[in-house]
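K.L.:
Residue numbers (my numbering): 2 to 196. Built from N, CA and C at the ideal position, the CB exists for glycine as well. The structure is given below, and queries will be raised subsequently.
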């Protein structure tokens, strides 16, 4: 959802709360479906099979539900006025996603502080998080949607710091990467860019 979702932000009126809320309805609607299926109120086996690791509908009430809520919140709070929203979505979608794929496929060496995570996964998270956050943030910089001008250097360094913070959060032995990765990224982004 989020990998392409952020690109649609540019289609909405910038600076409008109505646009933010309307745009946030997309992930929020998906989140509502996750909740209804996860609670057993709506039977949708294909969603359970594709969006869970265990094949149990209750799993939709944790990771996927949080994923959608984070997207909705980032849209309403940051949208295109700050690099923080696009960067956080990029690191969550591409960085955390790459960590999962690389960790499962190539992960042999485990992180000393988190035996469930791998060096390959963390490296993939850092690289993908940086590349895609820089791409997304550069798009909005080019469209001049940020509340203040941001130089290319400032943007590149900020995306690198945010990708590193997201990677560190992803590497921790905590449940809930869908919360911790964007939270670490947003805090770093707001600290670096100041908005």
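If I measure Cβ to Cβ from residue 110 and keep anything under 7 Å in the same chain, skipping five residues before and after, which residues do I get?
P.N.:
Around residue 110: 119, 120.
K.L.:
Over what stretch of residues does the beta strand (DSSP E) that includes residue 117 continue unbroken?
P.N.:
Run containing residue 117: 115-119, per the beta strand (DSSP E) assignment.
K.L.:
Determine the direct distance from the alpha carbon of residue 40 to that of residue 85, and round the result to whole angstroms.
P.N.:
Taking the straight line from one Cα to the other gives about 32 Å.
K.L.:
For residue 93, does the three-state DSSP call read helix, strand or coil?
P.N.:
In the structure shown, residue 93 sits in a helix (DSSP, three-state: H, G or I).
K.L.:
In the structure shown, what three-state DSSP assignment does residue 75 receive?
P.N.:
In this structure, residue 75 counts as helix in the three-state DSSP scheme.
K.L.:
Alpha carbon to alpha carbon, how far is residue 169 from residue 133?
P.N.:
Spanning the two alpha carbons is a distance of roughly 17 Å.
K.L.:
Kindly indicate the opening and closing residues of the alpha helix (DSSP H) around residue 54.
P.N.:
Looking at the DSSP string, residue 54 is not in any alpha helix (DSSP H), and its letter there is neither H nor E.
K.L.:
Just the C-alpha distance for residue 28 and residue 73, rounded to the nearest angstrom, thanks.
P.N.:
For residue 28 and residue 73, the distance between alpha carbons rounds to 6 Å.
K.L.:
Measuring only the C-alpha atoms, how far is residue 31 from residue 60?
P.N.:
Roughly 15 Å between the two C-alpha positions.
K.L.:
Among residues of its own chain, excluding the 5 on either side of residue 20, which ones have a beta-carbon nearer than 6 Å to its beta-carbon?
P.N.:
The answer, listed in chain order, is 13, 14.
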